[in-house]
């Protein structure tokens, strides 16, 4: 089974090829310029040595190392290094372990890059998502800039550095080397920071979406509550209508007999009136005949 744990030692190198680029790298590391992916509230937790806490001090040390030599146009002014580990593993490490990891890494780098005297800047950044060490070495060998003597002219030197760093430093902190000769393309420091800058806006957008979702959830809860009240009101109205219908039914049951009796009485009256109308002419004739008989007998009616 493949080990899918993310506990890799991360080591990145970047060559600085001009004094202007060197100043720009220092400005970034020392937080002299705006750094969008850094949290200003955590900036005080960054570790910066007092002797190298400004661009002028760092450039002053560089000039002291290079002296009055004429620097070639294609010379490498500095080797910038980032040391960290897989974010998941770094978050599990205590602050004490992180500090010691970066100290050991700086000692190891000094041995590989010409000595501690070649360090012109180093900062432990704790104000970003993942703590990391960022150091700049002047590649001075025998008083001259010579990065090739330190990093070599082929990729095999980089592979060797990656392996040795993981074995000598990373292993002590549970960090292992990445897959050697992997087809995955390793990021440069600039690419690493470019990717980090892209992550921060995404995180901000995610936070906005979370707030929007929370707001919509509140609206939904209010709607559900309002609908619940409307449903209850409808139920009350339905209950009232049912009660009214029942009352009308009871009234009808109580009075239907009287209504039917009255209707039957009216019908009987109509029938009797019709019968009376039918015999009325005969009664009139009989009455006339009786009157005539009485008169013929000389009697008064």
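Residue numbers (the working numbering): 7 to 307.
Cβ coordinates follow ideal geometry from the N, Cα and C atoms, glycine included.
No experiment lies behind these values; they were computed from the predicted model shown.
{"query": "Assign residue 83 to one of three DSSP states: helix, strand, or coil.", "result": "coil"}
{"query": "Reducing DSSP to helix, strand and coil, say where residue 300 ends up.", "result": "helix"}
{"query": "What is the DSSP secondary structure of residue 53, reduced to helix, strand or coil?", "result": "strand"}
{"query": "Contact between the region 121-129 and the region 137-147 is defined here as three or more beta-carbon pairs at a separation below 8 Å; is this criterion met?", "result": "yes"}
{"query": "If you count every other CB in all the chains shown that lies within 10 Å of the CB of residue 129, and 16 or more means buried, which is it?", "result": "buried"}
{"query": "What are the start and end residues of each continuous alpha helix (DSSP H) run of 4 or more residues lying completely inside the region 12-73, in chain order?", "result": "25-35, 61-72"}
{"query": "With DSSP collapsed to three states, give me the class of residue 140.", "result": "strand"}
{"query": "If we ignore side chains and look at the alpha-carbon of each, how far apart do residue 165 and residue 40 end up?", "result": "34 Å"}
{"query": "Between the Cα of residue 156 and the Cα atoms of 82, 236, 63, 302, which residue gives the shortest distance?", "result": "82"}
{"query": "Report, in whole angstroms, the separation of the C-beta atoms of residue 181 and residue 33, which I expect to be a contact under 8 Å.", "result": "30 Å between Cβ atoms; not a contact."}
{"query": "Quick one: using the 10 Å Cβ neighbour count with 16 as the cut-off for buried, is residue 20 buried or exposed?", "result": "buried"}
{"query": "If we ignore side chains and look at the alpha-carbon of each, how far apart do residue 36 and residue 222 end up?", "result": "42 Å"}
{"query": "Would you call the region 46-56 and the region 111-121 touching, i.e. three or more CB-CB distances under 8 Å?", "result": "no"}
{"query": "Which term fits residue 84, buried or exposed, when burial requires 16 or more other beta carbons within 10 angstroms of its beta carbon?", "result": "buried"}
{"query": "Going by beta carbon distance, what residues of the same chain come within less than 7 Å of residue 190, once the five residues before and after it are set aside?", "result": "Because residue 190 sits at a pLDDT of 48, beneath the cut-off of 50, its placement in the model cannot be relied upon, and the following sentence gives the value as read from the coordinates. Nothing meets the Cβ criterion."}
{"query": "In terms of residues, what are the limits of the alpha helix (DSSP H) holding residue 130?", "result": "Run containing residue 130: none in the alpha helix (DSSP H); it sits in the beta strand (DSSP E), 125-131."}
{"query": "With 16 as the cutoff for other CB atoms within 10 Å, does residue 44 come out buried or exposed?", "result": "buried"}
{"query": "Terminal residues of the continuous alpha helix (DSSP H) containing residue 107?", "result": "101-118"}
{"query": "So the alpha helix (DSSP H) residue 157 belongs to, where does it begin and stop?", "result": "153-157"}
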